[in-house]
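Visitor:
Numbering (my numbering), first residue to last: 1 to 622.
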């Protein structure tokens, strides 16, 4: 006898998603079929994996498959699989609560984009809810493979905030999702339409997707397979079209866009494996919102048996944007995450995957620079992490880096380190760069003035990760990398003599400034960097850039207080005015204004903004 029906409320975030799905998501509504088939495929994969150690789980139903059928009279579509199925607890966790499904991140993305779009739903693991785009009621009948027929579960909801749960007798394992279609969704009550969508979105699902054969437009009792039902990566490359690769990527990555590039390779020998790796054209939402803690990894198969959906051990963290499949012949089928972390064979596969991705990026950069520019805009900052994380490939990764420079036209035009070196004049042995919090701050820094005067190119780095990355990128192709803001600039004999003369002539001014500024600075000296501006900050070789120190401090990190070096241009009218000023209060105002200006252009915060405003007002009034 069946247990009574229990009514439960959805968690708040799930209720929000359902409201959005029901009332807002209209574009690409056929996505529901791809998502339900994808879930069914995952269920078959999971059963096949669990059956490695428990073969009895596969008893009773023959091969694993997914059935799609429709009933015009009842106005329903049913997607059924004979995979692992769900217990009552799993139904509640997967269909009624936020769990780890990514529901909250889905909502955040819609808020961030200020646009509701059904094409996003699959990227967050909440694809089941897309059923409510076309259905006003959804019924789920499911039984876990290792439970008795009496322990089946019926889940039902109209998507309005509650769902009903009941125990039912289900003789067959697996899950059936029944969609009761809305009145205006008749287009999906068509065998032709459903077959078209399966071929479009799910042709390369590795399990047979079956539909009833039709005679005179009416379904019969005979089933036929309507998808390719073979693992794409196992086919010879000569048999796979560009459209096949793109279609497989879209089902693999829940993405409507074509991939930017891909690489498909089979390695034979003492260790045999196949890799099919894709670079997306734009960042997945989990990369932007979840960042480093939300890695997806590659799908790992062993002898075509699905093992893991997010095998992070197959690629280093800085390549986490890569999507794809690895199918190994030589790993044990009962492999676990713990074994994966210690497996030497896996280290070889990982090294091969890294090599393939870097090969692909190098080929893009060389042969299709416009495509590479698209990649760099989307994933450049992620790739920069590899400079720190992957010392073995540091030189290869550095070759792929791109930066704006004082000789490029705007932030959008970038140069490689090789471009920079090729343009270096005879005798230059240093790659010069500047870091700042924005392109405008870098391009307008007074610390560039002497370099511009001598026509020396400087790389402009303004991403938050750059300063951290540069701690590990100190040399490239035999050339040292140096900041224009750190240390004393190397000068030729003529410039050195000129500098010494300027410093000697400015000794009284330097002494006056040191007395006026007191403990606020560690030193005041004549600058070799400035030609037009009155002052700038100079850092020691090991000091952190002020803008980065400020960001870390704002993020709650304790940062050591360091006193800056103030460099001045004695020829500037402001310094000449300060030198001639006999009123100590006015001279102190001018000295502090010079320091404040230098701090601002370097990205450092003002210690006392109100006092700064008062000094500016006094200077303006005269």
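Cβ coordinates follow ideal geometry from the N, Cα and C atoms, glycine included.
Remember, predicted model here, so these are calculated numbers, not experimental data.
How many angstroms separate the CA atom of residue 101 from the CA atom of residue 155?
Guide: With a pLDDT of 42 at residue 101, under the threshold of 50, the modelled position of this residue cannot be trusted, and the question is left open.
Visitor: Quick one: residues in its chain with C-beta nearer than 8 Å to the C-beta of residue 475, no 5 flanking neighbours on either side, listed in chain order?
Guide: Excluding sequence neighbours, residue 475 sits near 481.
Visitor: In angstroms, rounded to a whole number, what distance separates the CA positions of residue 80 and residue 205?
Guide: Near 15 Å, if we compare the C-alpha coordinates of residue 205 and residue 80.
Visitor: Near residue 191, what residues of its chain come up, given a Cβ to Cβ distance below 6 Å and the 5 sequence neighbours on each side ignored?
Guide: Excluding residues within five positions, the ones whose Cβ falls inside 6 Å are 214.
Visitor: Does the distance from the CB of residue 607 to the CB of residue 538 come in under 9 Å?
Guide: Contact: no.
Visitor: Just reading off the beta strand (DSSP E) that residue 81 is part of, what are its end residues?
Guide: From DSSP, the beta strand (DSSP E) with residue 81 extends over 76 to 81.
Visitor: For residue 506, tell me which candidate among 576, 226, 437 and 312 has the shortest Cα-Cα distance.
Guide: Taking only the C-alpha atoms, the option nearest residue 506 is 576.
Visitor: Less than 7 Å between C-beta atoms, sequence neighbours within five positions excluded: which residues of the same chain meet that for residue 136?
Guide: 158, 180 and 182, listed in sequence order.
Visitor: Just mark residue 534 as buried or exposed, buried being the case when its beta carbon has 16 or more other beta carbons within 10 Å.
Guide: Its Cβ being crowded by 16 or more others within 10 Å, residue 534 is buried.
Visitor: Which stretch, first to last residue, makes up the alpha helix (DSSP H) that contains residue 550?
Guide: Looking at the DSSP string, the run of the alpha helix (DSSP H) that includes residue 550 is 546 to 554.
Visitor: From the DSSP output, in three-state form, read off residue 469 for me.
Guide: The answer is helix: DSSP assigns residue 469 an H, G or I state.
Visitor: Out of curiosity, what's the CA-to-CA distance linking residue 295 and residue 315?
Guide: The pLDDT assigned to residue 295 is 47, lower than 50, so where the model puts this residue is not dependable; a value taken from the coordinates is nonetheless given after this. The straight-line gap from Cα to Cα measures roughly 10 Å.
Visitor: Identify every run of the alpha helix (DSSP H) within the region 557 to 597, keeping only runs that are complete inside it and at least 4 residues long; order them along the chain.
Guide: Taking only runs of at least 4 residues, the alpha helix (DSSP H) segments lying wholly in the region 557 to 597 are 573 to 580.
Visitor: Return the bridge partner residues of residue 536 from the DSSP annotation.
Guide: 567, per the DSSP bridge assignment.
Visitor: Roughly how far, in whole angstroms, is the beta-carbon of residue 568 from the beta-carbon of residue 526, given that I think they are within contact range, below 8 Å?
Guide: Correct: roughly 6 Å between the Cβ atoms.
Visitor: Quick check: the Cα distance between residue 31 and residue 51, rounded to an integer number of angstroms?
Guide: One C-alpha to the other measures close to 30 Å.
Visitor: Determine the extent of the alpha helix (DSSP H) in which residue 265 is found, giving its start and end residues.
Guide: Element bounds for residue 265: not the alpha helix (DSSP H) but the beta strand (DSSP E), 261 to 267.
Visitor: Just to confirm, is the Cβ distance from residue 264 to residue 276 under 9 Å?
Guide: Result yes, Cβ atoms of residue 264 and residue 276 sit closer than 9 Å.
Visitor: According to DSSP, which residues form a beta bridge with residue 459?
Guide: Residue 459 pairs with 405 and 433.
Visitor: Give the C-beta separation of residue 374 and residue 260 to the nearest angstrom, bearing in mind that I take them to be a contact with Cβ-Cβ under 8 Å.
Guide: About 6 Å; that satisfies the 8 Å criterion.
Visitor: Just the C-alpha distance for residue 578 and residue 557, rounded to the nearest angstrom, thanks.
Guide: About 38 Å.
Visitor: Is residue 485 closer than 9 Å to residue 351 when the C-beta atoms are compared?
Guide: No, the pair does not count as a contact, with Cβ atoms beyond the cut-off.
Visitor: Taking C-beta to C-beta, are residue 202 and residue 37 nearer than 9 Å?
Guide: The answer is yes: Cβ separation under 9 Å.
Visitor: So who's on the other strand from residue 180, going by DSSP bridges?
Guide: DSSP output for residue 180 lists 76 and 137 as bridge partner(s).
Visitor: Taking DSSP as the reference, what is the three-state secondary structure of residue 321?
Guide: Here residue 321 sits in coil by DSSP.
Visitor: Cβ of residue 144 within 9 Å of Cβ of residue 87?
Guide: Closer than 9 Å, so yes.
Visitor: Specify, as a first and last residue, the run of the beta strand (DSSP E) that residue 166 falls within.
Guide: First-last of the beta strand (DSSP E) with residue 166: 162 to 168.
Visitor: Could you spell out where the alpha helix (DSSP H) holding residue 607 opens and where it closes?
Guide: No alpha helix (DSSP H) contains residue 607, which DSSP labels as neither H nor E.
Visitor: Any idea if residue 280 is buried or exposed, counting beta-carbon neighbours within 10 angstroms, 16 or more meaning buried?
Guide: When all chains shown are included, residue 280 counts as buried.
Visitor: My understanding is that residue 634 touches residue 423, with C-beta atoms under 8 Å, so please give their C-beta distance in whole angstroms.
Guide: Residue 634 is absent from the model: the chain starts at 1 and stops at 622.
Visitor: Kindly indicate which residue of 609, 406 and 421 has the alpha-carbon position closest to the one of residue 450.
Guide: Minimum Cα distance to residue 450 is reached at 406.
Visitor: Am I right that residue 139 and residue 43 are in contact with their C-beta atoms under 8 Å? What's the rounded C-beta distance?
Guide: Rounded, the Cβ-Cβ distance is 17 Å, inconsistent with contact.
Visitor: Identify, in the order they occur along the chain, each residue of the same chain with its Cβ nearer than 6 Å to the Cβ of residue 459, setting aside the five sequence neighbours on each side.
Guide: Counting only Cβ-Cβ distances below 6 Å, and skipping sequence neighbours, we find 403, 405 and 433.
Visitor: Going by other Cβ atoms of all chains shown within 10 Å of its Cβ, with 16 needed for buried, is residue 477 buried or exposed?
Guide: Its Cβ having fewer than 16 others within 10 Å, residue 477 is exposed.
Visitor: Can you list, in chain order, the residues of its chain whose CB lies under 6 Å from that of residue 45, leaving out five sequence neighbours each side?
Guide: Here the set comprises 306.
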